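First up is the structure itself, then whatever we jot down about it.
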Amino acid sequence: MKKKVRKLLGILIVGILVMFLCINYFSQIIISQNDMTNSSKVIFRQIDQIIKQNEEELEKRKEDIRNICILRARATAYLLQRDKSKINNLEEMKKIANLLEVDEIHIFNKEGTIYAGTEPKYYGLNMKTGEQISFFSPMLEDTSMSMCQEITANTAENKMMQYAATWTEDGDVIVQIGMKPSSVLEKIEKNKVSYIFSRLAETNGYTLVAIEPETNKIVGSTKEALVNKNISDIGINTKKMKNWDKAYHFRIKGKWYFCIFEKQDTIIVGRICEAKILYSNINENNFMFFIYILLIGGVVIYFITHYLDKNIIKSISAINNGLQDISNGNLDTKIEVNNTPEFKELSHYINQMVESILETTDKISVIIDTVGLPIGLYEYNGSMERVRITHKLPEVMGLSEEEAYKLCENREEFNAWISEILSNPIEGEHEIYKISSSPDRYVKIEIIKRDDSVFGIVVDKTSDICTKNKLEKELGEDELTGLCSRRGFYSKMDELFALPEKLGCAAVVMIDSDDLKKVNDTYGHNNGDRYLCEIANILLKVNAPGQLTARLGGDEFAILFYGAGSKEEIDEYMNKLEELRMNHIMKMENDVVIDVKFSMGKAFYIVDGVESERLMRVADKRMYIDKRERKKKQME
3 MKKKVRKLLG ILIVGILVMF LCINYFSQII ISQNDMTNSS KVIFRQIDQI
53 IKQNEEELEK RKEDIRNICI LRARATAYLL QRDKSKINNL EEMKKIANLL
103 EVDEIHIFNK EGTIYAGTEP KYYGLNMKTG EQISFFSPML EDTSMSMCQE
153 ITANTAENKM MQYAATWTED GDVIVQIGMK PSSVLEKIEK NKVSYIFSRL
203 AETNGYTLVA IEPETNKIVG STKEALVNKN ISDIGINTKK MKNWDKAYHF
253 RIKGKWYFCI FEKQDTIIVG RICEAKILYS NINENNFMFF IYILLIGGVV
303 IYFITHYLDK NIIKSISAIN NGLQDISNGN LDTKIEVNNT PEFKELSHYI
353 NQMVESILET TDKISVIIDT VGLPIGLYEY NGSMERVRIT HKLPEVMGLS
403 EEEAYKLCEN REEFNAWISE ILSNPIEGEH EIYKISSSPD RYVKIEIIKR
453 DDSVFGIVVD KTSDICTKNK LEKELGEDEL TGLCSRRGFY SKMDELFALP
503 EKLGCAAVVM IDSDDLKKVN DTYGHNNGDR YLCEIANILL KVNAPGQLTA
553 RLGGDEFAIL FYGAGSKEEI DEYMNKLEEL RMNHIMKMEN DVVIDVKFSM
603 GKAFYIVDGV ESERLMRVAD KRMYIDKRER KKKQME
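Residues 3 to 638 (the working numbering) are what the sequence shown spells out, left to right.
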């Protein structure tokens, strides 16, 4: 009887102590949560005010820039109206641009085509060329219009510019100016939520986040590492949240956090604090209570442990072992624990769940096959002998069913096969590999490793890579002459100028055909094209070891001689080119024989400059001098 009373008394004491401990503990939790909620609301209001103030300042700055652009466009039109001879004078146009502090000036004719301005490379662009430039097309219908475009990427170079346009007073041409809106772009950058949050200071242990409502993506945070992550990636499950204007507890990376959110105009702001920090005082205040409970509860725990070990722990251990086998990929494992009706029922449901997982995996594979996506999947871990694959993988990898089955039989052989593929990536591509050459076949392989498990995603990229290779070839070669295109020439020249040891002694030669217009007008454009091809053949006949030859467009050509041992060696190439252009003739389609003529000018690397752009300008000027002298001799 005494023992029974002692036992009941002990239980009563422990119950009372635990009750008071819980009351005190949860009271302090509520107080801590309320304090954090109130301070968070103050911070949220401050953030909202900062964002709205920044937006107002940004709109004002945009309006100011728009007014400045219109004003400077009109000023440019006024100057050109007074002296239209400057329109076709590149240097005068650049002076006007410098005077009015604008970056670009473009002159459109009444058909909406750029024919003059500070940027010759834009000549020929029409208001129908691209979405950006077509913004100004309504002006072609109304000569009284002036328009200013928002900051956008331009058609020619895809660089961020702000353009404004107006007609000259006589309605003869449209004058468009372009300005680099650096101050506005800087203001836009500073108005981004990510920038604002990066500048906020937060108490140690607390983190502020800004979330995009549509995607749940973190767009700003006082912890930069969280930016661009989805909130679910850090452990916040939105499915458990009834609405955003409440506080929640979430387990993030094994730690409990208290989170407060508030939905504002365009974003959701949140404040997160680790529970250990938020409730640190609670732990101190309840420490002594904990000691007492620990001493008293030790006796109770002993009896409970004995009971649990006998009737529950062993059953749970058996279930855990089975679940571990299942998590390791052995989905054929069956759990049979029948100690109690409850464990028997649990075993049944676990086995039923595994069967459902297998069915789901098969369904996913069937769906991928049905919609025709070129995606194959594989999975294995350290406990599996075989590799699990979807039906589409053999087709994506170019394997027969028999080859795929044999590879999947042995995990080590499969892994070695994948490793061999991964050892030969395609240069310039991310995670893309060539797996065969007859025919060409390319795949993208992404491997996800988690603990002992490996999950692979294989995507057929053959069509994409082949299309890209075709486009790269087309962009790098002039269709008419077979020489380098302008884009290819500039790209290769930039590579050489970045490697002075490879460039060596070098020179740039600019070439311009003579009498092309006359040939076109007299013999037709088909013969004009043959005339250009003949010039290209002459240039190629120099056949220098280091020679990059290109047609830059129209009747303009260029040669880069590089890797020469000396200036004299390049002079020899130039002498050969001079000999080739002397008395060179060609037969037209109507058997008429004409002279093939072109003018040229050269500029030496180091002597005339070290930048490719400067050398091309110097060579271009000398080419025009040569053209004038040749015309003068021809007239004499």
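Yeah, the Cβ is synthetic: ideal placement off N, Cα and C, and Gly gets one too. Remember, it's a predicted structure, so these values are computed and weren't measured experimentally.
Do you know offhand how far Gly119's Cα is from Gln164's?
If you draw a straight line from the Cα of Gly119 to the Cα of Gln164, it comes to about 16 Å.
Please give the ranges of any alpha helix (DSSP H) in the segment 101–151, keeping only runs that are unbroken, at least 4 residues long and fully inside the region.
For the segment 101–151, there is no continuous alpha helix (DSSP H) assignment of 4+ residues that stays within its boundaries.
Cβ contact check for the segment 506–522 and the segment 553–567: 3 or more pairs under 8 Å:
Enough Cβ pairs lie closer than 8 Å, so yes.
Using a Cβ-Cβ cut-off of 6 Å (strictly less than) and excluding sequence neighbours within five positions of Ser614, which residues of its own chain qualify?
Cβ within range, chain order: Met495 and Phe499.
Nearest by alpha-carbon distance to Thr78: which of Ser425, Gly611, Ala167 and Glu497 is it?
Comparing Cα-Cα distances from Thr78 to each of Ser425, Gly611, Ala167 and Glu497, the minimum goes to Ala167.
Check whether the segment 209–217 touches the segment 225–242, taking contact to mean three or more Cβ pairs, one atom from each stretch, closer than 8 Å.
Under the Cβ criterion (8 Å, minimum of three pairs), the segment 209–217 counts as touching the segment 225–242.
Beta-carbon separation of Ile561 and Leu541 under 8 Å?
Between Ile561 and Leu541, the C-beta gap is smaller than 8 Å, which places the two residues in contact.
Cross-strand partners of Lys451 (DSSP beta bridge)
In the DSSP assignment, Lys451 is bridged to Val456.
DSSP state of Leu550, grouped into three classes?
Strand.
Once the 5 residues before and after Gly611 are set aside, which same chain residues still bring their CB inside 8 Å of it?
So the list reads Ala605, Leu617 and Val620, once near-sequence residues are dropped.
Can you check which of these residues, Lys463, Glu404 and Val456, is closest to Ile377 by C-alpha distance?
Of the candidates Lys463, Glu404 and Val456, the residue whose Cα lies closest to the Cα of Ile377 is Lys463.
Cut-off 6 Å between Cβ atoms - residues of its own chain near Gln178, not counting five sequence neighbours on either side
If we look at Gln178 and ignore the five residues flanking it on each side, its Cβ neighbours are His108, Tyr165 and Ala167.
Distance, Cα to Cα, Lys634 vs Met602?
Rounded to the nearest angstrom, the two C-alpha atoms are 15 Å apart.
State yes or no: is the C-beta of Ile284 within less than 8 Å of the C-beta of Gln30?
Gln30 sits close to Ile284, with the two beta carbons spaced by under 8 Å.
Opposing strand residues paired with Thr209 [DSSP bridges]
Beta-bridge pairing by DSSP links Thr209 to Ile274.
Measuring CA to CA, which of Met637, Gly114, Arg390 and Thr154 is closest to Thr145?
Sorting Met637, Gly114, Arg390 and Thr154 by C-alpha distance to the C-alpha of Thr145 places Gly114 at the top.
6 Å Cβ shell around Val456 - same chain, five flanking residues per side excluded
Answer for Val456: Tyr382, listed in chain order.
Just tell me which of Met590, Glu415, Leu401 and Met181 has its CA closest to the CA of Arg645.
The chain is shown only over 3 to 638; residue 645 falls outside these bounds and no answer can be derived.
Does Cys71 pass the burial test, meaning 16 or more other C-beta atoms within 10 Å, or should it be called exposed?
Answer is buried; the Cβ neighbour count reaches 16.
Can you give me the Cβ contacts of Tyr575 inside the same chain, cut-off strictly under 7 Å, excluding the 5 residues immediately before and after it?
Here the set comprises Val544, Ala546 and Phe563.
Is the beta carbon of Ser136 less than 8 Å from the beta carbon of Met147?
No, they are not a contact pair.
Gly490 beta carbon less than 8 Å from that of Glu1
Look at the range of the chain in this structure, 3 to 638, and you will see that residue 1 is not part of it.
In the DSSP assignment, what are the bridge partners of Tyr435?
Residue pairing of Tyr435 in beta bridges, as defined by DSSP: Pro427 and Val445.
Can you check DSSP and say which residues form a bridge with Lys604?
Val511, per the DSSP bridge assignment.
Assuming Met162 is part of the beta strand (DSSP E), what are its boundary residues?
In the DSSP assignment, Met162 falls within the unbroken beta strand (DSSP E) covering Met162 to Trp169.
Taking all protein chains shown into account, do 16 or more other C-beta atoms lie within 10 angstroms of the C-beta of Arg273, making it buried, or fewer, making it exposed?
Here Arg273 is buried: its Cβ has 16 or more other Cβ atoms, across all protein chains shown, within 10 Å.
Based on DSSP bridge pairs, tell me the residues matched to Met355.
Beta-bridge analysis with DSSP links Met355 to no other residue.
If I follow the unbroken beta strand (DSSP E) through Tyr380, where does it start and stop?
Ile377 to Asn383 is the span of the beta strand (DSSP E), which, as asked, contains Tyr380.
On the DSSP letters alone, give me the boundaries of the alpha helix (DSSP H) that Ala621 sits inside.
Run containing Ala621: Ser614 to Met637, per the alpha helix (DSSP H) assignment.
Using CA coordinates, which residue listed in Phe138, Phe289, Ile293 and Tyr250 is at the minimum distance from Ala277?
Cα-wise, what sits closest to Ala277 is Tyr250.
Beta-carbon proximity check, Ser34 vs Tyr281, cutoff 8 Å
Yes, the Cβ-Cβ distance between Ser34 and Tyr281 is below 8 Å.
Going by C-alpha to C-alpha distance, which of Lys97, Ile513 and Met141 sits closest to Lys112?
Of the candidates Lys97, Ile513 and Met141, the one whose C-alpha sits nearest the C-alpha of Lys112 is Met141.
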